Amino acid sequence: DGGITQSPKYLFRKEGQNVTLSCEQNLNHDAMYWYRQDPGQGLRLIYYSQIVNDFQKGDIAEGYSVSREKKESFPLTVTSAQKNPTAFYLCASSREVGPAPYEQYFGPGTRLTVT
Amino acid sequence: AQSVAQPEDQVNVAEGNPLTVKCTYSVSGNPYLFWYVQYPNRGLQFLLKYITGDNLVKGSYGFEAEFNKSQTSFHLKKPSALVSDSALYFCAVRDAGGFKTIFGAGTRLFVKA
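Residue numbers (this note's numbering), protein chains in the order written: chain A, 4 to 118; chain B, 10 to 122.
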């Protein structure tokens, strides 16, 4: 089955530690995204990548970093510089070729709790 | 700049009644419009998207959406609600000339049996 996997589902860290969230897709999509979801705020874009070895900051990139070394993978690191990291993190991908518009496909999410 | 507004935090309907979840948007160019649904503790699932020329768009699970250019709206509708439709619904917009998609804050739908 094609889709997006995120691991782990739940993640707990102590304040001051960096943590990396995994995102893998086997949909052969070129574009990948990371969103943060907080209650009542919808989804906010952290980073996005249109092609391998290229990525751009979204609206709330401070305290986060990403890499895109392979088409299938787009890991997100939450650094100790992120002031309020506890949230639900969603990874997504989209096709970006052929007839538009291009819907996004989402992973199941990772709930990060930092104490 | 793009923006999308979902004016209702919550919508309550009785099972079997029609439902509407409202969405208005703002983009500088032509809009790409989407609706997604999120069930508890899960990722978002795509419901439907607006394609130029079709003002009434049909999607998954019996949902449809009505595009109104003059009112810059893209309201989600269903003729007969089911209890299983209870979830969090997100409207999203992307400028056809751009790359980023902006999501609304979400509307929680409760369908009562």
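The C-beta atom is built at its ideal place from N, Cα and C for all residues, glycine as well.
As the structure is a computational prediction, the values presented were derived from the model and not from experiment.
Asked	Found
Name, please, each residue of chain B whose Cβ falls closer than 9 Å to the Cβ of A90 (chain A).	The premise fails here: A90 (chain A) is roughly 13 Å from chain B at the closest Cβ pair, so nothing lies under 9 Å.
Taking Cβ positions, are S52 (chain A) and R71 (chain A) nearer each other than 8 Å?	yes
Among the residues of its own chain, which have a CB less than 6 Å from the CB of F43 (chain B), if the five just before and after it don't count?	K58 and A101
Threshold first: 3 residues or longer. Then list the beta strand (DSSP E) segments lying entirely within the region 16-92 of chain A, N to C.	22-28, 34-40, 46-54, 57-60, 67-69 and 79-81
Alpha carbons only, please: which of B:Y70, B:Q80 and B:V46 is nearest the one belonging to S35 (chain B)?	B:Q80
Taking Cβ to Cβ, would you say Q9 (chain A) is nearer than 8 Å to L24 (chain A)?	yes
I'd like to confirm the pairing. Which residues does DSSP put opposite E73 (chain B) in its beta bridges?	B:K67 and B:K86
Tell me which residues share the same chain as P27 (chain B) and place their Cβ nearer than 8 Å to its Cβ, disregarding the 5 neighbours each side in the sequence.	K86, K87, P88, S89 and A90
If I'm right that F99 (chain B) touches Q19 (chain B) with Cβ under 8 Å, what's the distance once you round it to whole angstroms?	About 14 Å; that fails the 8 Å criterion.
Candidates A:T113, A:T118 and A:V117: which alpha carbon is nearest C26 (chain A)'s?	A:T113
Determine the direct distance from the alpha carbon of R16 (chain A) to that of P102 (chain A), and round the result to whole angstroms.	42 Å
So the beta strand (DSSP E) D94 (chain B) belongs to, where does it begin and stop?	Neither: D94 (chain B) is in no beta strand (DSSP E) and is coded neither H nor E.
G110 (chain A) touches chain B at which residues, Cβ-Cβ below 7 Å?	G52
G115 (chain B) and A14 (chain B) - do their beta-carbons sit closer together than 8 Å?	no
Starting from K12 (chain A), follow the beta strand (DSSP E) in both directions and report where the run begins and ends.	No beta strand (DSSP E) contains K12 (chain A), which DSSP labels as neither H nor E.
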